[in-house]
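>
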Amino acid sequence: MKLMRYGVKGREKPGMLDREGQLRDLSAVIGDLTADLLAKDALARLAAIDPATLPLVSDPVRIAPPYTGMGKFICVGLNYSDHAAETGMAIPAEPVLFMKPTSCVIGANDAVVLPQGSVKSDWEVELGVVIGTKARYVDESDALDCVAGYCVVNDLSEREYQIERGGTWDKGKGCDTFGPVGPWLVTSDEVADPQNLDMWLEVNGKRFQSGSTRTMVFGVAHLVSYISRFMTLYPGDLITTGTPPGVGMGQKPAPIYLEAGDRMRLGIAGLGEQAQAVHAWNPQLIDA
């Protein structure tokens, strides 16, 4: 299934795509697509619904984050060997973990707003892994059974804040609007192999990132198992798994960073596309 939420902020409705890719309204079946509905039995009940019996949505107005109730937004850094090389950093011996606050989460096509004083904001297309079953010290062989589905994530980063201002990476990763998620949550039964997904990102029509999850240093199953040793994973937790090469920081002969007026497009095979316009600091756009 391809599940999503749509509508103006604060009044989102749940939906699913039918076989023709048309949006169908699920609000007569469930009030919203919440984290507790990502469990296997709940997803099975949704999968039993014939989308053709649901009302067709002609104008979604806005594509919202695909589910609500995200408890943790867990990120993996330097998880593509070729991306590590372009940053000048060593390939890690174990996964590098950091967190983004859930306050950064926006819909797939919502406005990206640069933080005050930003001069080095950057893009990163990433595969998002959504947990559906509680996981604590889960074996790698069982890890994918804990996954409800997958989604596209743009792990935006302010590199000056992240790298040059001391402390952890979190301060450059958690800015408001720096976590577009969606457009859909694609359930795991539709993703035959999460380690064989092509991914890409463009800025102002120029392709900067072209990669594949095949080149991850640590695959999805390993990451879920590994992270579950350090924290319990609950339904709705999101793991974003690293980015392939082509980020702005790695451009030659000089880095390229986002500016107000830029437009990003990005996608992952089978998981949909995002498109964001970049804006100068404007709190009204964040709160709208």
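If you use the working numbering, the sequence shown corresponds to residues 1041 to 1328, in order.
All C-beta atoms, glycine included, are put in the ideal place defined by N, C-alpha and C.
Taking G1117 as the reference, which of G1157, E1166, R1085, A1087 has the closest Cα?
Looking at the Cα atoms, E1166 is the closest of the given residues.
> Inspect the beta-carbon positions of A1320 and P1220 and report whether they are closer than 8 Å.
Not a contact, by the Cβ cut-off of 8 Å.
> Opposite Y1190 in the DSSP bridges: which residues?
According to DSSP, which records beta bridges pairwise, Y1190 is partnered with V1169, V1226.
> If you compare alpha carbons, which of T1173, A1084, G1111, R1059 is closest to A1092?
Ranking T1173, A1084, G1111, R1059 by Cα distance to A1092 puts R1059 first.
> With which residues is F1113 paired in a DSSP beta bridge?
Answer by DSSP bridge pairing, in chain order: L1278.
> Around the C-beta of F1270, are 16 or more other C-beta atoms found within 10 angstroms, so that it is buried, or is it exposed?
Exposed.
> DSSP on P1323, reduced to helix/strand/coil?
The answer is helix: DSSP assigns P1323 an H, G or I state.
> Does DSSP put Q1202 in a helix, in a strand, or in coil?
Helix at Q1202.
> Considering only C-alpha positions, which residue in the set G1061, V1264, V1048, L1063 is nearest to G1168?
When only C-alpha atoms are compared, the closest one is V1264.
> Using the three-state DSSP reduction, which class does S1250 fall into: helix, strand or coil?
The answer is strand: DSSP assigns S1250 an E or B state.
> Determine, using beta-carbon pairs with one atom in the segment 1102 to 1122 and one in the segment 1270 to 1288, whether at least three such pairs fall under 8 Å.
Enough Cβ pairs lie closer than 8 Å, so yes.
> Closest to H1062 by CA distance: which of A1088, D1099, A1328 is it?
Here residue 1062 is Gln; the residue named in the question, His, does not match the sequence. Considering only alpha carbons, the answer is D1099.
> Which residue wins for smallest C-alpha separation from V1226, given the options V1170, D1302, A1294?
With distances taken between Cα atoms, V1226 lies closest to V1170.
> I need the straight-line Cα distance from E1204 to I1131, nearest angstrom please.
Approximately 20 Å, taken between the alpha carbons.
> Nearest to L1306 by alpha carbon, out of T1217, L1241, Q1291, S1250?
Nearest C-alpha to L1306: L1241.
> In chain order, which continuous runs of the alpha helix (DSSP H) of length 4 or greater are located wholly inside the segment 1054 to 1122?
Entirely contained in the segment 1054 to 1122, the alpha helix (DSSP H) runs reaching 4 residues are, in chain order, 1080 to 1087.
> Considering only residues of the same chain and omitting the five flanking positions on each side of L1137, which have a CB-CB separation below 8 Å?
Excluding sequence neighbours, L1137 sits near I1114, C1115, V1116, G1117, I1267, F1270.
> Helix, strand or coil for E1052? Go by DSSP, reduced to three states.
Residue state, collapsed to three classes: coil.
> Taking the alpha-carbon positions, what's the P1095 to A1088 distance?
Distance between the alpha carbons of P1095 and A1088: 16 Å.
> For T1272, decide whether its Cβ has a neighbour in chain E, counting only Cβ atoms nearer than 8 Å.
As a matter of chain content, chain E is missing from the structure shown, which is built from one protein chain.
> When we look at the beta-carbon of D1277 and count the other beta-carbons within 10 Å, is it buried (16 or more) or exposed?
The residue is buried, with at least 16 neighbouring Cβ atoms inside 10 Å.
> Can you tell me the Cα-Cα spacing of P1223 and I1308, whole angstroms?
Whole-angstrom Cα-Cα distance: 11 Å.
> Looking at G1286: is its Cβ nearer than 8 Å to the Cβ of S1250?
Contact: yes.
> Roughly how many angstroms lie between the CA atoms of V1193 and T1108, to the nearest whole one?
Going by the C-alpha atoms only, they are around 15 Å apart.
> Terminal residues of the continuous beta strand (DSSP E) containing L1154?
Here L1154 belongs to no beta strand (DSSP E), and DSSP marks it neither H nor E.
> Can you tell me which of V1187, G1206, V1145, E1134 puts its alpha carbon nearest to the alpha carbon of V1257?
The shortest Cα separation from V1257 among V1187, G1206, V1145, E1134 belongs to E1134.
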